[in-house]
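*Asks:* Here you go, one structure.
Numbering (the working numbering), first residue to last: 6 to 698.
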């Protein structure tokens, strides 16, 4: 029997999901991440899971991996020395960015620090026109001099972003060739390969980020692959991309910028999978782990996507981070996890964005943490079982958590420990509510029309109250919610997102022939990538384009009609843009000319999704699933009340649990609020009907 395993490395925990391809049997695990080398926890967890099943790596057909390594390098600025080669006169690209300030009312606001410092940005003589024609030939002797200086400065990776190279990569290819001749060990990222689209700053930023993380990602992926092979694994290592598609580790070594939101993307796929399972295809996806919380919208079973990604944003301010032209699932991420640290400042409680992480972790972990966190507060409030955290593999120190909340929060504010703990819980919920509103109400989505799905290690403890604040009518707590991102890896498909910028006026003569030629090239390249990834199943291709009304400065990504555009499909192509524009802005102008700017293709392998096992048909009553009754805090009851705690594995399809209640499983804890009702479905998922005031 063949097995597939998903491994998702988060900031605090590493999650595992092992599934039998024939029977659907699912085995899951969770352990603390090892920040000094994330592969240690990953490989130890894999081997532990396999031992529990009595199998080895030789029995595994696929290892699927999601990791925050690349994004952490950028956020923490821990990448190695990186250089950038640009056209003469464009050396300040990363410093200047865009004219727009991300906070117009803060006179002291500054732009984020570039990944490549100005002194490691080198200008060379060359120039291409907007159509790719050569204006000034590349000065190859100057490139050789620059290469020598890069080596002298100890640079390990370099990016090349030459003007208009997306239309003609000739000069960048020459740069790569020269660097290979002069310094064979120097890694090279070309903008014409990493980001072959227009807008100079975004293209340079994407290329610089790719170069910045390339060395560490390459070393990490090769180490993982080598250790798996030494353990007997005979297959390929697949990596989750920000777009929600899988790719071979070898391809990700060259384009590591595409895996910045690797883990969160897998979580969104898991949400869509569970939504399909219970026939709830319009979802607000909420993933709260130990370090961050993520939110996105899923419509008709598919997460919303976008052509840009912004990393290391300050708060929720668009434009405050580093922008990259990387296809990604449209989600928002905030520093609000179980390990988020609570502090008192100016007489109020603040939570996050910094986290205690896995080392030293929350105070209650007993690993040296001294600052109170969300997990400590939840333990004080009775939501967590100190003897059954992570399935009992970790014992939590409730007394230590109580003292930390008392000393650092309650005493400075002159309030009780319970009030302080509840304040921490409320503040982190408010932070996450603001983030969720940013991807729903601010984008025209009414939360009352969606089902809220909460997962991640901490998500089920906060999900019901957060959903209620948004007035969602119901919340879904999937089975194995604590490792949902690892399960998302198992349902993902091999996918590649390609794009080319060619400015076309749709009414120009010969435009359809040009569009067909662009997509013929893109589809050939995509098919080659899929074949190189040894993707199984049929290949699917989905077209879209960034379009705008003539003269505008920004585009709307527009789904294009299926099939090869011809004279009969010319009008549907225009209508698709008018409809997309109407959805985004509330109006359209059917009489205006339309420009197509960037032509996009999503190519994927249509492999069937695995089906989970059905939940056991136990005849036991709900009362037999009660583990204990303990004191749990609910403001609706103005304090602690005796609350039944249920063993999730002893509940059965059709079982109904009325709140207040706590339902425990190995990787997470579900809190059911007073007046709410949870029902167990055939797969062990909990659907909770919320009492909306």
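Don't be surprised by glycine CBs; every beta carbon is placed ideally from N, CA and C.
As the structure is a prediction and not an experimental result, all values here were calculated from the model.
Would you kindly report the start and end of the unbroken alpha helix (DSSP H) that includes residue 90?
*Replies:* Locating residue 90 in the chain shown gives position 85, counting from the first residue. Where residue 90 is concerned, there is no enclosing alpha helix (DSSP H), although the beta strand (DSSP E) it sits in stretches over 87–92.
*Asks:* Skipping 5 residues on each side, what residues in its chain have a beta carbon closer than 6 Å to that of residue 358?
*Replies:* For this step, residue 358 is matched to residue 353 along the chain shown. These residues qualify, in order along the chain: 340.
*Asks:* Could one say the Cβ of residue 539 lies closer than 9 Å to chain D's Cβ atoms, at least one of them?
*Replies:* In the displayed structure, chain D is absent; only one protein chain is listed.
*Asks:* For a quick check, are the C-beta atoms of residue 155 and residue 125 less than 9 Å apart?
*Replies:* Reading the chain shown from its first residue, position 150 is the one you call residue 155. Reading the chain shown from its first residue, position 120 is the one you call residue 125. Yes, the pair counts as a contact, with Cβ atoms nearer than the cut-off.
*Asks:* Here's the rule: buried if 16 or more other CB atoms are within 10 angstroms of the residue's CB, otherwise exposed. What is residue 266?
*Replies:* Position 261 of the chain shown, counted from the start, is the residue given in the question as residue 266. By the 10 Å Cβ count, residue 266 comes out buried.
*Asks:* Using only alpha-carbon positions, find the residue among 32, 517, 196, 538 that is nearest to residue 2.
*Replies:* Given a span of 6 to 698 for the chain in the structure shown, any question on residue 2 remains unanswerable.
*Asks:* Could you tell me how far apart the beta carbons of residue 337 and residue 378 are, in whole angstroms, since I believe they sit closer than 8 Å?
*Replies:* The residue you call residue 337 lines up with position 332 of the chain shown. The residue you call residue 378 lines up with position 373 of the chain shown. Incorrect: roughly 21 Å between the Cβ atoms, too far for contact.
*Asks:* I'd like to confirm the pairing. Which residues does DSSP put opposite residue 25 in its beta bridges?
*Replies:* Position 20 of the chain shown, counted from the start, is the residue given in the question as residue 25. Answer by DSSP bridge pairing, in chain order: 8.
*Asks:* Is there contact here, the region 23–35 with the region 382–392, by at least three beta-carbon pairs under 8 Å?
*Replies:* no
*Asks:* May I ask which residues mark the beginning and end of the alpha helix (DSSP H) holding residue 564?
*Replies:* For the purposes of this step, residue 564 is identified with residue 559 of the chain shown, where counting begins at 1. Per DSSP, residue 564 lies in no alpha helix (DSSP H) segment; the continuous beta strand (DSSP E) that holds it begins and ends at 561–564.
*Asks:* Measure the C-alpha to C-alpha separation of residue 21 and residue 399 and round it to an integer number of angstroms.
*Replies:* The count along the chain shown starts at 1 and reaches residue 21 at position 16. The count along the chain shown starts at 1 and reaches residue 399 at position 394. Distance between the alpha carbons of residue 21 and residue 399: 17 Å.
*Asks:* Looking at the secondary structure, which residues open and close the alpha helix (DSSP H) in which residue 583 lies?
*Replies:* Start at 1 with the first residue of the chain shown, and residue 583 comes out as number 578. First-last of the alpha helix (DSSP H) with residue 583: 575–590.
*Asks:* Helix, strand or coil for residue 325? Go by DSSP, reduced to three states.
*Replies:* For the purposes of this step, residue 325 is identified with residue 320 of the chain shown, where counting begins at 1. Assignment of residue 325 by DSSP, reduced to helix, strand and coil, places it in the coil class.
*Asks:* Is residue 176 helix, strand or coil when you go by DSSP?
*Replies:* Here residue 176 is taken as the residue at index 171 of the chain shown, counted from 1. It is helical.
*Asks:* Distance, Cα to Cα, residue 693 vs residue 668?
*Replies:* The sequence position of residue 693 within the chain shown is 688, counting from 1. The sequence position of residue 668 within the chain shown is 663, counting from 1. As the crow flies, the alpha-carbon of residue 693 is around 12 Å from that of residue 668.
*Asks:* Return the chain-ordered list of same chain residues with a C-beta closer than 6 Å to the C-beta of residue 493, the five sequence neighbours on each side being excluded.
*Replies:* Stepping through the chain shown from its first residue, residue 493 is reached at position 488. Close CB contacts of residue 493 within its chain, under the 6 Å cut and outside five residues either way in sequence, are with 271, 272, 274, 275 (chain order).
*Asks:* Between which two residues does the beta strand (DSSP E) harbouring residue 43 extend?
*Replies:* As a position in the chain shown, residue 43 is number 38, starting the count at 1. No beta strand (DSSP E) holds residue 43; the alpha helix (DSSP H) holding it covers 43–58.
*Asks:* Could you check how far apart the C-beta atoms of residue 287 and residue 464 are, in whole angstroms? I think they sit under 8 Å.
*Replies:* On the chain shown, position 282 is the one that residue 287 refers to. On the chain shown, position 459 is the one that residue 464 refers to. That pair is no contact at about 19 Å.
*Asks:* What do you reckon, are the CB atoms on residue 471 and residue 459 nearer than 9 Å?
*Replies:* Within the chain shown, the letter at position 466 stands for residue 471. Within the chain shown, the letter at position 454 stands for residue 459. Contact flag set, yes.
*Asks:* May I ask which residues mark the beginning and end of the alpha helix (DSSP H) holding residue 430?
*Replies:* Reading the chain shown from its first residue, position 425 is the one you call residue 430. Looking at the DSSP string, the run of the alpha helix (DSSP H) that includes residue 430 is 422–444.
*Asks:* Does DSSP put residue 639 in a helix, a strand or coil?
*Replies:* One-based indexing of the chain shown puts residue 639 at position 634. Residue state for residue 639 is assigned as strand, using DSSP reduced to three classes.
*Asks:* With a cut-off of 8 Å on the beta carbons, I'd call residue 312 and residue 551 a contact; round off their distance for me.
*Replies:* Taking the chain shown and counting its residues from 1, the one referred to as residue 312 is at position 307. Taking the chain shown and counting its residues from 1, the one referred to as residue 551 is at position 546. Cβ-Cβ separation between residue 312 and residue 551: approximately 7 Å, consistent with a contact (criterion under 8 Å).
*Asks:* Spatial neighbours of residue 88 within its chain, please: C-beta separation below 7 Å, excluding the five flanking residues on both sides.
*Replies:* Reading the chain shown from its first residue, position 83 is the one you call residue 88. So the list reads 121, 125, 127, 155, 160, 163, once near-sequence residues are dropped.
*Asks:* Run through the region 197–249 for me and flag every whole alpha helix (DSSP H) of 4 or more residues, listed as ranges in chain order.
*Replies:* 205–235
*Asks:* Tell me the DSSP secondary structure of residue 664 in three-state form.
*Replies:* Here residue 664 refers to the residue found at position 659 of the chain shown. It is coil, neither helix nor strand.
*Asks:* Bridge partners of residue 132, per DSSP?
*Replies:* Taking the first residue of the chain shown as 1, we reach residue 132 at position 127. Paired residue(s): 141.
*Asks:* In three-state DSSP terms, what is residue 310?
*Replies:* Your numbering for residue 310 matches position 305 in the chain shown. Looking at residue 310 - three-state DSSP - the assignment turns out to be strand.
*Asks:* With distance defined between alpha-carbon atoms, name the residue in 262, 196, 78, 256 nearest to residue 536.
*Replies:* Locating residue 536 in the chain shown gives position 531, counting from the first residue. With distances taken between Cα atoms, residue 536 lies closest to 256.
*Asks:* For residue 632, which three-state DSSP category applies?
*Replies:* Taking the chain shown and counting its residues from 1, the one referred to as residue 632 is at position 627. It is a strand residue.
*Asks:* Work out the CA separation of residue 259 and residue 177 for me, nearest whole Å.
*Replies:* Residue 177 sits at position 172 when you count from the first residue of the chain shown. Residue 259 sits at position 254 when you count from the first residue of the chain shown. Distance between the alpha carbons of residue 177 and residue 259 is about 16 Å.
*Asks:* What's the C-alpha gap between residue 431 and residue 221?
*Replies:* Start at 1 with the first residue of the chain shown, and residue 431 comes out as number 426. Start at 1 with the first residue of the chain shown, and residue 221 comes out as number 216. One Cα belongs to residue 431, the other to residue 221, and the distance between them is close to 38 Å.
*Asks:* Return the bridge partner residues of residue 381 from the DSSP annotation.
*Replies:* Numbered from 1 along the chain shown, position 376 holds the residue referred to as residue 381. Note: residue 381 sits in no beta bridge, so no partner.
*Asks:* Starting from the C-beta of residue 171, find all residues in its chain whose C-beta is less than 8 Å away, skip the five residues before and the five after it, and write them out in chain order.
*Replies:* Within the chain shown, the letter at position 166 stands for residue 171. Cβ within range, chain order: 196, 197, 200, 201, 202, 203, 208, 505, 506.
*Asks:* Residue 52: buried (16+ other C-beta within 10 angstroms of its C-beta) or exposed?
*Replies:* Here residue 52 corresponds to residue number 47 of the chain shown, with the count starting at 1. By the 10 Å Cβ count, residue 52 comes out exposed.
*Asks:* Alpha carbon to alpha carbon, how far is residue 539 from residue 474? Give it in angstroms, no decimals.
*Replies:* Counting from 1 along the chain shown, the entry for residue 474 is found at position 469. Counting from 1 along the chain shown, the entry for residue 539 is found at position 534. About 46 Å.
*Asks:* Short check: CB of residue 695 to CB of residue 479, under 9 Å?
*Replies:* Within the chain shown, numbered from 1, the residue matching residue 695 stands at position 690. Within the chain shown, numbered from 1, the residue matching residue 479 stands at position 474. Going by C-beta atoms, residue 695 is nearer than 9 Å to residue 479.
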